[in-house]
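A.B. asks:
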Amino acid sequence: MATGSTRNRWQRIRRLLAIAALAVIVGPFVLVLPLNVVQPLTTMVMLRRTVQRIGEGKKPWYPRRDVVSRGEISPYLRRAVLASEDDRFYLHSGFDFEEIGNALERARRGRRLRGASTITQQVAKNVFLWEGRSYVRKGLEAWFTVVLELCLPKERILDLYLNLAEWGDGVFGAEMAARTHFRKSAKNLTRGEAARLAAILPAPRRWSPNGAIAMRRAAGILARMQYAAPREEAPEPVPRRRR
C-alpha cells in the first residue's frame, strides 16, 4: 500500500515537473509572438515602480508613456541608443559574447564590472521579469532573449525598446522622454539631444540629460553614432572639420 502511494506521489511530481517545463519552454513564445503587432500595455519595470511608490507612502501613478511608430522617432535617437547600449545589435543573435568577454577581462583586472546586456536582453528582463540575480531569473532572461530573437525582427525589437525604455521617474518611452526633457516630440530631437537622452539610460532616475554625467557620456555617444545605424539607414557621414 505504502509502495503504491509512494509511486503515485512520484508520478504526480513528475507530471507537475513536466507541466512546469512545458510552461517554461512554450510560455515565452505565447507572450512574445503578439509583440509583432502590439505593444505591451505595461511591463514588469512599470509595475515595480508603482509598487515602490506605494511602499514609500507616495500616491501611486500609472507610468507616463506614449507609444509611437518607427517613423515618429528621430533617426538620431535610434543611432544614439545603439551607440550607447548595444553597438553590435545587428551583428549578434541576442548575446554579445565579445562584450561579455571584455566585461570579464575588466573584472579580472580588478576594474569595475560594467553591464554587457544587449538591447534584446534588456527588453526581455524589463518586459517580463523581476529584479534579481538568481540563476533562475538569469536562465529565464536568456530563454526570453532567444525567443525574442527567434520571433521578432531586429527592427521590431528596437521599436519595443524605444517605446518601453525608462527615461526618468515615471517616464517611459521615447516620445514621453522627449516631451518631458526637451518639450518636443521624439521625431524632432536633434543629434545632441538624442545623445543626451541615450546617455542617461543606465541610470534614468538619477541622471538628467542636462547634467554633467550625461554631457560627458553624450560626447562619446556622438562620436560612435556614425557607425551605429539601423539597417534601413546608411552610416552617418563623418562631419568635416572647418578650416
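Under the numbering used here, the residues of the sequence shown are numbered 4 to 246, in order. Backbone N, C-alpha and C fix where the C-beta goes; we use that ideal spot for every residue, glycine too.
1) Return the bridge partner residues of Glu169 from the DSSP annotation.
2) Look at the alpha carbon of Asp75 and the alpha carbon of Lys141, and state the distance between them as a whole number of angstroms.
3) Buried or exposed for Ile28, please, with buried defined as at least 16 other CB atoms from any protein chain shown within 10 angstroms of its CB.
4) Just to confirm before moving on: does the CB-CB distance between Val130 and Leu155 stay below 8 Å?
5) Report the option in Lys157, Glu101, Glu102 and Ile103 whose CA atom is closest to the CA atom of Val126.
6) Can you tell me the Cα-Cα spacing of Arg159 and Asn11, whole angstroms?
7) Verify whether the separation of the beta carbon atoms of Ala189 and Ala181 is less than 8 Å.
8) Going along the chain, which residues of its own chain have a beta-carbon closer than 7 Å to the beta-carbon of Met47, five neighbours each way excluded?
9) Residues in the same chain with beta-carbon distance under 7 Å from Asp69, minus the five sequence neighbours each way, listed in chain order, please.
10) Kindly list the residues whose CB is nearer than 6 Å to the CB of Phe147, restricted to its own chain and excluding five residues on each side of it in sequence; keep chain order.
11) Out of curiosity, what's the CA-to-CA distance linking Trp210 and Met218?
C.D. replies: Considering the structure as presented:
1) Under the DSSP definition of a beta bridge, Glu169 partners with Phe175.
2) The amino acid occupying residue 75 in the given sequence is Glu; Asp does not appear at that position. Distance between the alpha carbons of Glu75 and Lys141: 34 Å.
3) With fewer than 16 Cβ atoms within 10 Å of its Cβ, Ile28 is classed as exposed.
4) Contact flag unset, no.
5) Closest by alpha carbon: Lys157.
6) The straight-line gap separating the alpha-carbon atoms of Arg159 and Asn11 is approximately 47 Å.
7) Going by C-beta atoms, Ala189 is nearer than 8 Å to Ala181.
8) Around Met47: Asn129, Val130, Phe131, Leu132 and Trp133.
9) Around Asp69: Gly176, Glu178 and Met179.
10) Result list for Phe147: Pro31, Ala127 and Phe131, in chain order.
11) Counting only the Cα atoms, Met218 lies some 10 Å from Trp210.
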